[in-house]
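Asks:
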Amino acid sequence: AVRVELVPKDERTRSQFDIVSELLKKLEIVPGVSIQETIQDPLSPDGENGLIVQIFGFDPEEKKNLSDGVKEKITQINGVVSAYSTADQGRPELRLVLDRERIALVGMNTNQVATALSDAVQGNIATSFVDQGVEFEVKVELDPKQKAASTDLENIQIQTPSGDWLPLRTLARIERYTGPTNVARINQERVIEILTELDGVDLKTASADARAILDEVEWPDGYRYALAGSAEEQAESFNFLLIAFAIAGILTYMVMASQFESLIEPFIIIFTIPLALSGVLIILGVTGTAISVTSMVGLILLSGIVVNNGIVMIDYIKILQARGVERHKAIVQGATRRLRPILMTALTTILSMVPLALELGSGSETWSPMARTVIGGLTMSTILMLFVVPSIYNLINRGVDNLGFDAVHKTDPLMENNEVLS
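Residue 1 is where the sequence shown starts when you use our numbering, and the numbers rise one by one after that.
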């Protein structure tokens with residue numbers, strides 16, 4: 001294996017994928033060499049960043065044929081720059097195919113023939129002797145020069161139970177075969193893996209396209225496929241992050257409910273999260289950023305960030321109402337007077353994410369989706385919140401008033417302080 005470490009991004013003009021593509025084109029002309037490139041993903045435990053297709057089955061030849069067909073189809077997927085099958089790895093071997101009927105006719109079994117061949121090739125300790133107190137073993141084996149030629153192996157003499165000697169070729173035939181360098185197993189099942197490298201397409205889209213293609217393949221009985229590697233890890237991570245996002249929203253709601261001593265105001269403020277989602281989708285679409293694990297991390301961050309502006313606005317509106325200001329007027333004044341601190345808070349957060357979103361630093365490609373998610377979500381949430389949150393607050397509180405309940409239930413903290421001082 002050859003490991004190539006690129007110089008920092010600001011010291012080169014080409015991306016890592018452009019460099020890999022150029023190297024592959026130059027290495028393709030080397031005869032007898034199979035090239036597999038691997039671009040390590042720092043977020044993946046095994047370093048793989050592509051799609052892996054696993055093919056399960058018993059017969060190695062059948063799996064090899066299936067993997068060749070699948071590999072050809074996978075390379076046609078948009079964004080798959082290369083595909084490599086572990087079945088392509090192999091070393092030349094000689095396979096012994098026994099003639100069971102002929103072996104039975106001479107009064108032998110397959111195990112006896114295999115043992116005789118093993119003794120000839122690997123050697124057998126025939127006897128031992130002691131010389132000056134040191135024991136020496138006598139190992140009998142075929143001449144090493146004859147082991148390399150299949151014709152010589154076919155002439156190995158096998159002794160039958162009757163005492164006759166027969167050449168091996170009368171009991172079996174020797175075939176040239178390319179065997180695997182290793183036998184991979186998953187849950188005790190033999191498997192062939194097809195590893196791919198992606199460029200310009202997200203893993204989720206590539207996995208969906210691959211699954212659609214693989215479902216159209218006619219799989220023999222006892223053979224099946226599975227998507228693994230980064231695809232499997234990403235699916236597990238997405239499920240976990242979706243649960244984490246839901247828990248974050250629930251915890252945020254509970255904290256706000258305890259602060260406001262109400263279930264209504266937190267419900268209004270929580271509307272800022274769906275507003276942020278629209279901004280996330282827009283910025284990811286405009287920048288061509290795939291929905292990934294890091295973008296999901298940014299979404300979880302947003303669930304705690306975007307509600308801050310709503311808390312500031314709603315809290316001030318309720319203070320104005322506690323001072324006797326009419327609800328509609330309090331909403332207008334609250335949104336107007338809290339506009340500057342809301343914009344300042346959002347702007348400082350957005351500006352802090354800009355360098356990471358622009359991928360200015362080394363390694364920023366990994367975390368730029370998170371930064372773009374925060375920027376897009378916070379920007380859209382801040383803009384829409386100034387109109388949506390006050391409107392929802394007015395509608396809900398109007399309904400509460402019509403039911404005869406106290407929609408304010410908040411006192412002015414300044415008035416409380418004055419009462420204490422007096």
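Even glycine gets a Cβ: it sits at the ideal position worked out from N, Cα and C. Source: prediction; values computed, not measured.
S67 and I213: beta carbons closer than 8 Å?
Replies: For the purposes of this step, residue 67 is taken as the residue at position 67 of the sequence shown. For the purposes of this step, residue 213 is taken as the residue at position 213 of the sequence shown. For S67 and I213, no; Cβs fall outside 8 Å.
Asks: Going by DSSP, which residues form a beta bridge with Y225?
Replies: Taking the sequence shown and counting its residues from 1, one reaches residue 225 at position 225. DSSP, once it has assigned bridges, lists I55 as partnering Y225.
Asks: From the DSSP output, in three-state form, read off V255 for me.
Replies: What you label residue 255 is simply residue 255 of the sequence shown in a count that begins at 1. Helix at V255.
Asks: Considering only C-alpha positions, which residue in the set E365, G279, I319 is nearest to S381?
Replies: Your numbering for residue 381 matches position 381 in the sequence shown. Closest by alpha carbon: G279.
Asks: Where does D131 fall in DSSP's three states?
Replies: Translated into the one-based positions of the sequence shown, residue 131 becomes position 131. Residue state, collapsed to three classes: strand.
Asks: Can you tell me where the alpha helix (DSSP H) with T196 in it begins and where it stops?
Replies: Along the sequence shown, one-based indexing puts residue 196 at 196. Looking at the DSSP string, T196 is not in any alpha helix (DSSP H); the run it does join, the beta strand (DSSP E), is 189 to 198.
Asks: Could you tell me whether the region 369 to 389 touches the region 265 to 279, where touching means 3 or more Cβ pairs closer than 8 Å?
Replies: Touching, yes, given that three or more Cβ pairs across the two stretches are closer than 8 Å.
Asks: Determine, using beta carbons only, whether S303 and P369 come nearer to each other than 8 Å.
Replies: Numbered from 1 along the sequence shown, position 303 holds the residue referred to as residue 303. Numbered from 1 along the sequence shown, position 369 holds the residue referred to as residue 369. Cβ distance not < 8 Å, so S303 and P369 don't count as in contact.
Asks: Suppose you measure from the CA of V97 to the CA of E236; what does that come to, to the nearest Å?
Replies: Numbered from its first residue, the sequence shown carries residue 97 at position 97. Numbered from its first residue, the sequence shown carries residue 236 at position 236. Distance between the alpha carbons of V97 and E236: 45 Å.
Asks: Taking the alpha carbon of L241 as the point to measure from, which residue in I291, D221, P266, R327 has its own alpha carbon closest?
Replies: Here residue 241 refers to the residue found at position 241 when the sequence shown is read from its first residue. Nearest of I291, D221, P266, R327 to L241, Cα basis: I291.
Asks: Quick check on DSSP: helix, strand or coil for E365?
Replies: The residue you call residue 365 lines up with position 365 of the sequence shown. Three-state DSSP puts E365 in a helix.
Asks: On the CB-based measure, 16 or more other CB atoms within 10 Å of its CB, does R12 come out buried or exposed?
Replies: Translated into the one-based positions of the sequence shown, residue 12 becomes position 12. So R12 counts as exposed.
Asks: Please report how far the alpha carbon of D46 lies from the alpha carbon of Q16, in whole angstroms.
Replies: Counting from one through the sequence shown, the residue named residue 46 turns up at place 46. Counting from one through the sequence shown, the residue named residue 16 turns up at place 16. In this prediction, D46 scores a pLDDT of 45, lower than 50, which makes its location untrustworthy; the coordinate-derived value is nonetheless stated afterwards. Going from the Cα of D46 to the Cα of Q16 covers about 19 Å.
Asks: Pull up the DSSP beta-bridge partners for A206, would you.
Replies: One-based indexing of the sequence shown puts residue 206 at position 206. DSSP output for A206 lists no bridge partner at all.
Asks: According to DSSP, is I268 part of a helix, a strand, or is it coil?
Replies: As a working note, residue 268 is residue 268 in the sequence shown. Helix.
Asks: Return the residue from the list S352, E265, G324, A126 that minimises the CA-CA distance to P390.
Replies: Residue 390 sits at position 390 when you count from the first residue of the sequence shown. Of the listed residues, the one whose Cα sits closest to P390 is E265.
Asks: Near L421, what residues of its chain come up, given a Cβ to Cβ distance below 6 Å and the 5 sequence neighbours on each side ignored?
Replies: Reading the sequence shown from its first residue, position 421 is the one you call residue 421. Low local confidence applies: a pLDDT of 39 at L421 is under 50, so the model's placement there is unreliable, with the coordinate-based value given in what follows. Same-chain partners within the cutoff: there are none.
Asks: Any idea what DSSP makes of S262, helix, strand or coil?
Replies: Mapped onto the sequence shown, residue 262 falls at position 262. S262: coil per DSSP, three-state reduction.
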